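Residue numbers (the numbering used here): 4 to 178.
Spelled out as C-alpha cells, the structure:
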C-alpha cells in the first residue's frame with residue numbers, strides 16, 4: 004500500500020494535500036507537480052511511503068533542483084514510484100548506465116540458447132542498488148529533522164517527519 008502527499012510551507016504554516024502519482028513518470032514531472040502546489044516559491048515536500056518497506060522525501064525549493072532522500076534504495080527500486088526517485092545521480096551511476104558493458108560480458112557460446120552447465124551468472128545486475136538509504140540525509144536539517152534522526156526512522160516515518168515539522172495534523176487530514 005502506497006501513500007503520497009505534498010506538504011507546502013506557507014506563511015501560515017504547512018498545507019497538505021494528497022497526490023495521485025499515476026501520471027508522474029519522471030522526477031521532473033514530480034517536481035512540476037510539487038511546484039504547482041505552492042503559490043509562491045515556498046518549500047514543498049513530497050512524501051512517499053510504501054507501508055513498512057521504504058519511504059522517500061523529495062524537497063523542492065522554488066526553481067532549485069529537487070533534493071531526494073530514500074530510506075531503502077533496493078526496496079524502492081522494486082516499486083514504480085521508487086524508480087522515479089532513484090536517479091542515476093542519486094545512485095552514483097553515469098547517466099544511461101543501465102546495464103552491464105557488453106565488452107565485459109563473457110560470451111562463451113551459450114548466448115545462442117544453449118544451457119550453461121553450472122547455471123552461474125556472473126554478469127553484474129542492472130538492478131544492483133544498496134539495501135540502505137541513499138540521497139541527501141541533510142534534506143530536512145533546517146526544518147528540524149537531523150540526518151541522524153532521518154536515518155533512524157522506520158515504521159510510520161512520514162508521521163514522525165510531519166510531527167517534527169509541526170504538520171502532523173494537516174498530514175493526517177489527507178491520510
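Ideal Cβ placement from N, Cα and C applies to all residues, glycine included. A quick note: this is a predicted structure, and the numbers were derived from the prediction, not measured.
query = Looking at C-alpha atoms only, which residue of 135, 158, 160 and 169 is the closest neighbour of residue 147?
reply = Translated into the one-based positions of the chain shown, residue 147 becomes position 144. Taking only the C-alpha atoms, the option nearest residue 147 is 169.
ask   = According to the neighbour-count rule (16 or more other Cβ atoms, all chains shown, within 10 Å of its Cβ), is residue 62 buried or exposed?
value = Walking along the chain shown from the start, residue 62 turns up at place 59. Residue 62 should be labelled buried.
ask   = beta strand (DSSP E) containing residue 16: first to last residue?
value = Here residue 16 refers to the residue found at position 13 of the chain shown. Counting along the chain, the beta strand (DSSP E) containing residue 16 begins and ends at 16-21.
request  = Within the same chain, show all residues whose beta-carbon is closer than 6 Å to that of residue 70, passing over the 5 residues directly before and after it, in chain order.
outcome  = The residue labelled residue 70 in the question sits at position 67 within the chain shown. Result list for residue 70: 62, 139 and 142, in chain order.
request  = Could you please give the first and the last residue of the uninterrupted alpha helix (DSSP H) stretch that includes residue 173?
outcome  = As a working note, residue 173 is residue 170 in the chain shown. From DSSP, the alpha helix (DSSP H) with residue 173 extends over 171-177.
request  = Starting from residue 13, follow its DSSP beta bridges and name the residues at the other end.
outcome  = Counting from 1 along the chain shown, the entry for residue 13 is found at position 10. Beta-bridge pairing links residue 13 to 16.
request  = Go through its chain and collect everything with a Cβ distance to residue 41's Cβ below 7 Å, but skip five positions before and after it.
outcome  = By one-based count along the chain shown, residue 41 stands at place 38. So the qualifying residues of the chain are 11 and 47.
query = Looking at the structure shown, is residue 105 part of a helix, part of a strand, or coil, going by DSSP?
reply = Mapped onto the chain shown, residue 105 falls at position 102. Reliability fails at residue 105, whose pLDDT of 45 lies under 50, so the model's placement of it is uncertain and the value that follows must be treated cautiously. Residue 105: helix per DSSP, three-state reduction.
ask   = What did DSSP end up calling residue 24 once you bin it into helix, strand or coil?
value = Position 21 of the chain shown holds residue 24. Residue state, collapsed to three classes: coil.
task = Say yes only if the C-beta of residue 11 is nearer than 8 Å to one or more non-hydrogen atoms of the ligand SAM, and no if none qualify.
result = The model depicted lacks the ligand SAM and carries no ligand whatsoever.
request  = Indicate whether the contact test is met: 3 or more Cβ pairs, each with one atom in the segment 156-172 and one in the segment 50-69, closer than 8 Å.
outcome  = yes
key: residue 68, buried or exposed, once every other Cβ within 10 Å from all chains shown has been counted against 16   = On the chain shown, residue 68 is found 65 positions in, with the first residue counted as 1. It is exposed - the Cβ of residue 68 has fewer than 16 other Cβ atoms within 10 Å.
ask   = Under a three-way DSSP split, which group does residue 142 fall into?
value = For the purposes of this step, residue 142 is taken as residue 139 along the chain shown, with counting starting at 1. It is coil, neither helix nor strand.
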